[in-house]
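S.K.:
In my numbering, the protein residues as written are 119 to 293.
(1) So the candidates are 270, 273, 251; which of them puts its Cα closest to the Cα of residue 263?
(2) The beta strand (DSSP E) spanning residue 189 covers which residue range?
(3) Looking at the structure shown, is residue 279 part of a helix, part of a strand, or coil, going by DSSP?
(4) Are the CB atoms of residue 228 and residue 209 within a distance shorter than 7 Å?
(5) Can you have a look at residue 156 and say buried or exposed, based on whether 16 or more other CB atoms are within 10 angstroms of its CB?
(6) How big is the Cα-Cα spacing for residue 146 and residue 186?
(7) Using alpha carbons as the reference points, say which of 222, 230, 225 lies closest to residue 207.
(8) Rounded to whole angstroms, what is the Cα-Cα separation between residue 257 and residue 196?
(9) What is the residue span of the beta strand (DSSP E) that residue 265 lies within?
(10) Assign residue 220 to buried or exposed, taking buried as 16 or more other Cβ atoms, counted over all protein chains shown, within 10 Å of its Cβ.
(11) Hey, out of 269, 243, 282, whose CA is closest to residue 191's CA?
(12) Which first and last residues belong to the beta strand (DSSP E) in which residue 252 is found?
(13) So which of 260, 134, 200 has the shortest CA-CA distance to residue 245?
(14) Out of 274, 235, 265, 236, which has the shortest C-alpha to C-alpha gap to residue 253?
(15) Assign residue 271 to one of two classes, buried (16 or more other C-beta atoms within 10 Å of its C-beta) or exposed (fewer than that).
(16) Measuring CB to CB, does residue 199 end up less than 7 Å from residue 152?
(17) Just confirm the distance between the C-beta atoms of residue 184 and residue 233, as a whole number of angstroms; I'd bet it's less than 8 Å.
(18) I need the straight-line Cα distance from residue 276 to residue 120, nearest angstrom please.
Here's what the structure looks like:
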């Protein structure tokens, strides 16, 4: 009897260790994809600067940049990486949104994420349903036209769509 319990306990520990291993491996793969996407954005800015094609009045791109990854809840593997210096527009409109959400509760121009004084911020664009922000374990706050600073792992709700914000610093290696 005690042998059977020991075998079952050992199998449970082994199963938990394997699950943890595969979860960490998947998490590492997601971050690798985010970093590669961010590096492509930064490389493109360097290329544009080298041929004299700069946007937004930037003379030279910065070698290390703050980047934002948006992870949409329920959309397995759906993560989008953006440069917040260029403003990320979220909405239902294909024409005016960087992140287009096919959600009837989302306004055509619902909210925007942008960089202000080195901080990543979100602003509701006077949407019909507001933009809900939750920082860490704090209370949920609905924005109605206001802006708020976002921290890493903040969660926002745009219409019925839940999005987790990941903020990270990235640089292009091998310059």
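Quick reminder that beta carbons are idealized off the backbone N, C-alpha and C, glycines included.
M.R.: By the coordinates alone:
(1) 251
(2) 182-190
(3) strand
(4) yes
(5) buried
(6) 17 Å
(7) 230
(8) 26 Å
(9) 265-267
(10) exposed
(11) 282
(12) 249-252
(13) 260
(14) 274
(15) exposed
(16) yes
(17) 7 Å
(18) 54 Å
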